[in-house]
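Notes to accompany the following structure.
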Amino acid sequence: MPKFTTRVQLISPSADAYQKLHAEMELCGFSRVIESGDGKFYAMPEAEYDLQQELDRKDVLEKAKRAVHQAGLVASILVTESKGRIWYGLESAG
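In terms of our numbering, the sequence shown opens at residue 20 and continues consecutively.
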């Protein structure tokens with residue numbers, strides 16, 4: 020199944036803008052945690068989201084744009100499809 024990392028950088032965000040964004044992104048199927056190969060979960064960096072669905076990059080971008088719009092926000096969005104991911108220093112998410 021394709022894996023995507025999506026970065027959403029809000030433009031001139033209010034104090035609670037990222038909370039609104041996080042809620043809308045979750046409703047669209049995005050997650051703020053990432054699972055390692057050994058089944059452990061880690062928190063994504065701020066403003067980054069994981070999505071694992073049978074979609075292409077354009078569809079993922081449209082989902083993210085919809086979430087930003089639903090939250091009433093303005094943002095720059097970058098979607099990257101992954102063949103594999105590795106990380107360092109992410110906090111455990113349980």
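Where a beta carbon is used, it is the ideal one built from N, C-alpha and C, also for glycine.
Exercise. What are the partner residues of E100, as DSSP defines its beta bridges?
Worked result: F23
Problem set entry | Runs of beta strand (DSSP E) lying entirely within the stretch 29 to 104, each at least 3 residues, in chain order | 52 to 54, 60 to 62, 67 to 71 and 94 to 101
For this session: Verify whether the separation of the beta carbon atoms of A66 and Y37 is less than 8 Å.
Result: yes
For this session: Go ahead and label T25 buried or exposed: buried means 16 or more other beta carbons lie within 10 angstroms of its beta carbon, across all protein chains shown.
Result: buried
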